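Below you'll find the structure, written out as structure tokens, and then a few comments.
Numbering (mature numbering (1 follows the signal peptide of the UniProt record, and there is no 0)), first residue to last: -17 to -1, 1 to 261.
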């Protein structure tokens, strides 16, 4: 075929509107947790009042566990696969899909919202200080920690807030030690390795209650923290549904009932601030 004939043929094809088959968009799989039979829920296990193992090693107890059970039932789950998680690993288990929900004294803040989604809050807490009873009157609040050695969980907002208050130059092992969990911090406090432990008062009240002769909660919270449920961003569409479930838990009195059950005489300090899931 001559060059002129080839050009003519191409012109005819163009004029006839030759088209390529339309490509259909790839259908995205559903990522909703609603109706999922088994939900994997990560909790931060410890001998506190929020999450702990009571009798059945395959089950969990505590206020966070009650919230997790309530939400799972309302989502339609018939079984929970519990997963223990460290503070520093909460985002990771959501991102890698090894947990559907994280219910583990999880503070809702903007930095974390860039990584995961949140439903809640379902509890309002404050960062406080746990000390040995021998130091009552010596450590009375946040500023008392300036020349003391304090322990906090690695990856926690508690450690971040201490550094924000005292400054980056203060952030040395002589002043702040980051452990894998507050349990390790508590044990270090009991052993005399640290002067104080700082984290949410909802955790510290449990430690103080379990060791009343040795440990004391200062009771001067210096922040107000919203505790929520963490979800992977791929499940963000479920946030409104879970918020609706949390609102009903609060409205029905189930939330207050669980707080009174687990916090006893200390419950009123948490009940006075009613959370508003949004």
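Glycine included, each C-beta is placed from N, C-alpha and C at the ideal position.
Keep in mind it's a predicted model, so treat the numbers as computed, not measured.
Environment of residue i [buried if 16+ CB atoms lie within 10 Å]
{"i": "residue 76", "result": "buried"}
{"i": "residue 27", "result": "buried"}
{"i": "residue 11", "result": "Here the model assigns residue 11 a pLDDT of 42, short of 50, so the residue's position is not dependable and the matter cannot be decided."}
{"i": "residue 14", "result": "exposed"}
{"i": "residue 238", "result": "buried"}
{"i": "residue 209", "result": "buried"}
{"i": "residue 135", "result": "buried"}
{"i": "residue 79", "result": "exposed"}
{"i": "residue 119", "result": "exposed"}
{"i": "residue 241", "result": "buried"}
{"i": "residue 260", "result": "buried"}
{"i": "residue 250", "result": "buried"}
{"i": "residue 1", "result": "At residue 1, the pLDDT of 44 sits below 50, so the modelled position is not reliable; the number obtained from the coordinates is stated separately. Flag for residue 1 reads exposed."}
{"i": "residue 133", "result": "buried"}
{"i": "residue 174", "result": "exposed"}
{"i": "residue 110", "result": "buried"}
{"i": "residue 176", "result": "exposed"}
{"i": "residue 253", "result": "buried"}
{"i": "residue 255", "result": "exposed"}
{"i": "residue 73", "result": "buried"}
Whole-number beta carbon distance between residue j and residue i, since they are thought to touch under 8 Å
{"i": "residue 264", "j": "residue 211", "result": "The structure shown does not extend to residue 264, since the chain spans only -17 to 261, so no value can be given for it."}
{"i": "residue 125", "j": "residue 246", "result": "23 Å between Cβ atoms; not a contact."}
{"i": "residue 178", "j": "residue 131", "result": "4 Å"}
{"i": "residue 116", "j": "residue 197", "result": "6 Å"}
{"i": "residue 222", "j": "residue 100", "result": "6 Å"}
Beta-carbon gap between residue i and residue j smaller than 9 Å
{"i": "residue 113", "j": "residue 169", "result": "yes"}
{"i": "residue 66", "j": "residue 25", "result": "yes"}
{"i": "residue 258", "j": "residue 103", "result": "yes"}
{"i": "residue 69", "j": "residue 18", "result": "no"}
{"i": "residue 154", "j": "residue 146", "result": "yes"}
{"i": "residue 49", "j": "residue 224", "result": "no"}
{"i": "residue 46", "j": "residue 106", "result": "yes"}
{"i": "residue 182", "j": "residue 235", "result": "no"}
{"i": "residue 108", "j": "residue 185", "result": "yes"}
{"i": "residue 20", "j": "residue 62", "result": "yes"}
{"i": "residue 98", "j": "residue 216", "result": "yes"}
{"i": "residue 23", "j": "residue 81", "result": "yes"}
Every unbroken beta strand (DSSP E) within the segment 82 to 134, with a cutoff of 3 residues, ordered by chain: Those beta strand (DSSP E) runs which fall completely within the segment 82 to 134 and span 3+ residues are 84 to 90, 100 to 108, 110 to 115.
Could you say if the segment 187 to 198 and the segment 51 to 69 meet the contact criterion of at least three C-beta pairs nearer than 8 Å? no
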